[in-house]
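For the sequence shown, this note's numbering gives the first residue as 199, with consecutive numbering after it. For glycine and all other residues, C-beta sits at the position ideal for the given N, C-alpha and C. Notes follow once the structure below has been shown.
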Amino acid sequence: MSRCDRPHPTVWPDKAPPARLFLAMALSLLVPRAAAAQRAATPDDFLGLTRCEAGAAVTNLRSDVRDSMLMAEIEAHESVHREQAAAHPSCEAFLATLTSARRIIDVELPAYCAQWKIAVARGADSAVSRREFAWRIAAQSGAMENRLQVAQRFEAECR
199 MSRCDRPHPT VWPDKAPPAR LFLAMALSLL VPRAAAAQRA ATPDDFLGLT
249 RCEAGAAVTN LRSDVRDSML MAEIEAHESV HREQAAAHPS CEAFLATLTS
299 ARRIIDVELP AYCAQWKIAV ARGADSAVSR REFAWRIAAQ SGAMENRLQV
349 AQRFEAECR
């Protein structure tokens, strides 16, 4: 028998594959992937971003945002962040306060509330939008396990 006539080593022509192969395949499905779908957020992930420049809060919108209604929502959101930063000695001092998920929720909730009010005024579904924004807050804070509590807080504080 020549080398070309031999069956491939992983082919079992007259018998079933070994049970350990199935076990290995099954176990590999249970092992979580190393956050393959998750990554750190980048500036391009946000339609608008307020950052610090020389101690002041400055907002930039992504260049592909052209819808005026969406721009109004984003501007309302980022305006809250500029006001929050202005309440501190510097923008950097404000950023230094963002040390926990709870603190990020405290900062994002009023910003998303301002955005929600604009969205609802233009006809967005109040409950659906509130839930969507609450889940965004939970995700941005790294507290997705608390998304229901964030949604309850959003409903209580944003009317």
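Beta bridge counterpart(s) of residue i as assigned by DSSP
i, result
"Glu251", "Ala254"
"Gly246", "Leu259"
Span of the alpha helix (DSSP H) around residue i
i, result
"Glu306", "299-319"
"Ser266", "266-284"
"Glu343", "Run containing Glu343: none; DSSP gives neither H nor E here."
Where residue i sits in the DSSP three-state scheme
i, result
"Leu296", "coil"
"Pro287", "coil"
"Ala238", "coil"
"Ala322", "coil"
"Arg357", "coil"
"Phe220", "Unreliable placement is indicated for Phe220, whose pLDDT of 48 sits below 50; the coordinate value is still reported in the next sentence. If DSSP states are grouped into helix, strand and coil, Phe220 belongs with the helices."
Nearest to residue i (by Cα), restricted to the options the options
i, options, result
"Tyr310", "Thr297, Glu353, Ala239, Glu251", "Glu353"
"Cys356", "Arg329, Thr248, Glu343, Ala341", "Arg329"
"Phe244", "Val263, Ala252, Val256", "Val263"
"Trp314", "Phe331, Ser298, Asp304, Val305", "Phe331"
"Ala337", "Ser324, Ala325, Leu307", "Leu307"
"Arg351", "Ala322, Val305, Val256, Ile316", "Val305"
"Met267", "Val256, Glu276, Arg320", "Arg320"
"Ala299", "Met342, Pro241, Asp242", "Met342"
"Ala317", "Ala284, Ala294, Thr240, Asp265", "Asp265"
"Arg280", "Ala312, Thr297, Ser261, Arg260", "Ala312"
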